[in-house]
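Peer 1: Counting in this note's numbering, the sequence shown runs from 727 upward without gaps. Glycine included, C-beta positions come from ideal geometry on N, C-alpha and C. The structure displayed is predicted, hence computed values, not measured ones.
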Amino acid sequence: MLLNTSGQISLLRVHDRGTAYGPPTDQIDVEVVIQFAGRPADAFGFQLRDDPAGPARQGMLDLLRDAFNLGWVAHIDYEIATGKHNGVIIRTWVTKPAGQVVGHPIGGGVLTPG
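1) Excluding the five sequence neighbours on either side, which residues of its own chain have a C-beta within less than 8 Å of the C-beta of Leu-789, listed in chain order?
2) With DSSP as the reference, please indicate the residues paired to Val-756 in a beta bridge.
3) Are there 16 or more other CB atoms within 10 angstroms of the CB of Glu-757, so buried, or fewer, so exposed?
4) Nearest to Asp-768 by CA position, among Arg-743, Ala-824 and Ile-735, is which residue?
5) Using a 10 Å radius around the Cβ and a threshold of 16 neighbouring Cβ atoms, would you call Ala-793 buried or exposed?
6) Using the Cα positions of Val-740 and Ile-806, report the straight-line distance between them to the nearest angstrom.
This is the structure in C-alpha coordinates:
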(Lines of atoms letter the chains of each structure in order from A; the text may use other names.)
(Lines give C-alpha, C1' and ligand atoms only; values in the text may rest on other atoms or scores of the structure.)
Protein backbone atom coordinates (compact mmCIF):
# COMPACT_ATOMS: atom_id res chain seq x y z
CA MET A 727 0.00 0.00 0.00
CA LEU A 728 1.41 3.43 -0.98
CA LEU A 729 1.07 6.11 1.71
CA ASN A 730 2.68 9.39 2.68
CA THR A 731 3.64 11.11 5.90
CA SER A 732 5.76 13.99 7.10
CA GLY A 733 7.39 15.50 10.16
CA GLN A 734 10.71 16.38 11.72
CA ILE A 735 13.26 13.59 11.68
CA SER A 736 14.37 12.30 15.08
CA LEU A 737 16.58 9.46 13.76
CA LEU A 738 18.72 9.20 10.65
CA ARG A 739 20.66 5.94 10.40
CA VAL A 740 22.92 4.59 7.65
CA HIS A 741 24.32 1.08 7.97
CA ASP A 742 26.06 -1.65 5.99
CA ARG A 743 24.32 -3.42 3.13
CA GLY A 744 22.64 -6.68 4.11
CA THR A 745 22.15 -5.89 7.80
CA ALA A 746 18.47 -4.88 7.32
CA TYR A 747 16.33 -3.06 9.90
CA GLY A 748 13.59 -4.22 12.24
CA PRO A 749 12.49 -7.45 13.87
CA PRO A 750 12.23 -10.64 11.76
CA THR A 751 8.45 -10.23 11.36
CA ASP A 752 8.69 -6.57 10.21
CA GLN A 753 12.11 -6.27 8.57
CA ILE A 754 13.07 -4.00 5.68
CA ASP A 755 16.16 -4.61 3.49
CA VAL A 756 17.50 -1.05 3.48
CA GLU A 757 20.67 0.89 4.29
CA VAL A 758 19.10 4.26 5.20
CA VAL A 759 16.53 4.45 8.02
CA ILE A 760 14.59 7.42 9.42
CA GLN A 761 12.09 7.89 12.19
CA PHE A 762 9.89 10.91 12.79
CA ALA A 763 9.65 12.77 16.09
CA GLY A 764 6.76 11.42 18.15
CA ARG A 765 6.57 8.14 16.19
CA PRO A 766 9.28 5.88 17.64
CA ALA A 767 7.45 2.66 16.67
CA ASP A 768 7.53 3.49 12.94
CA ALA A 769 10.61 3.45 10.71
CA PHE A 770 11.08 4.07 7.02
CA GLY A 771 14.04 3.43 4.77
CA PHE A 772 15.52 2.78 1.36
CA GLN A 773 18.46 1.03 -0.23
CA LEU A 774 21.73 2.67 -1.26
CA ARG A 775 22.95 0.44 -4.05
CA ASP A 776 25.12 0.83 -7.14
CA ASP A 777 22.23 0.49 -9.57
CA PRO A 778 20.19 2.80 -11.84
CA ALA A 779 18.25 4.15 -8.82
CA GLY A 780 21.48 4.96 -6.96
CA PRO A 781 21.74 8.67 -7.88
CA ALA A 782 18.11 9.37 -6.90
CA ARG A 783 18.54 7.54 -3.60
CA GLN A 784 21.75 9.45 -2.86
CA GLY A 785 19.74 12.61 -3.50
CA MET A 786 17.06 11.41 -1.08
CA LEU A 787 19.71 10.78 1.58
CA ASP A 788 21.13 14.28 1.01
CA LEU A 789 17.66 15.84 1.42
CA LEU A 790 16.93 13.84 4.56
CA ARG A 791 20.33 14.76 6.03
CA ASP A 792 19.58 18.45 5.42
CA ALA A 793 16.13 18.09 7.00
CA PHE A 794 17.66 16.35 10.04
CA ASN A 795 20.46 18.90 10.47
CA LEU A 796 18.38 22.02 9.82
CA GLY A 797 15.08 21.04 11.48
CA TRP A 798 13.15 21.13 8.21
CA VAL A 799 10.00 19.08 7.63
CA ALA A 800 10.64 15.86 5.70
CA HIS A 801 7.89 14.39 3.54
CA ILE A 802 7.94 10.83 2.23
CA ASP A 803 5.89 8.55 0.04
CA TYR A 804 6.37 4.97 1.14
CA GLU A 805 5.14 1.41 0.71
CA ILE A 806 4.20 -0.68 3.72
CA ALA A 807 2.38 -3.94 4.30
CA THR A 808 -0.85 -3.79 6.29
CA GLY A 809 -0.20 -4.13 10.02
CA LYS A 810 3.54 -3.40 9.75
CA HIS A 811 5.52 -0.51 11.26
CA ASN A 812 8.50 -0.43 8.88
CA GLY A 813 8.06 0.84 5.33
CA VAL A 814 10.15 1.46 2.22
CA ILE A 815 10.54 5.05 1.02
CA ILE A 816 10.05 5.67 -2.70
CA ARG A 817 10.06 9.49 -2.76
CA THR A 818 11.06 12.34 -0.45
CA TRP A 819 11.00 16.13 -0.32
CA VAL A 820 11.55 18.78 2.34
CA THR A 821 9.92 22.05 3.38
CA LYS A 822 10.94 24.72 5.83
CA PRO A 823 8.73 25.39 8.86
CA ALA A 824 6.72 28.63 8.68
CA GLY A 825 8.65 31.56 10.11
CA GLN A 826 12.10 30.02 9.66
CA VAL A 827 14.85 32.34 8.40
CA VAL A 828 15.38 31.66 4.70
CA GLY A 829 18.63 33.42 3.81
CA HIS A 830 20.73 36.56 3.64
CA PRO A 831 20.10 39.15 0.92
CA ILE A 832 22.96 40.99 -0.78
CA GLY A 833 24.01 43.92 1.43
CA GLY A 834 23.19 42.28 4.77
CA GLY A 835 20.03 41.76 6.75
CA VAL A 836 17.96 38.65 7.11
CA LEU A 837 15.00 37.62 4.98
CA THR A 838 12.02 36.21 6.82
CA PRO A 839 8.70 35.08 5.43
CA GLY A 840 6.32 37.97 5.24
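Peer 2: Reading it off the structure:
1) Walking along the sequence shown from the start, residue 789 turns up at place 63. Within the same chain, Leu-789 has close Cβ partners Ala-800, Thr-818, Trp-819 and Val-820.
2) Taking the sequence shown and counting its residues from 1, one reaches residue 756 at position 30. The partner list for Val-756 (beta bridge, DSSP) is empty, contrary to what the question assumes.
3) Reading the sequence shown from its first residue, position 31 is the one you call residue 757. Glu-757 comes out buried.
4) Taking the sequence shown and counting its residues from 1, one reaches residue 768 at position 42. Asp-768 has its Cα closest to that of Ile-735, out of Arg-743, Ala-824 and Ile-735.
5) Locating residue 793 in the sequence shown gives position 67, where the first residue counts as 1. Label assigned to Ala-793: buried.
6) As a first step, residue 740 is located in the sequence shown; it is residue number 14 there, counting from the start. As a first step, residue 806 is located in the sequence shown; it is residue number 80 there, counting from the start. Cα to Cα, Val-740 sits roughly 20 Å from Ile-806.
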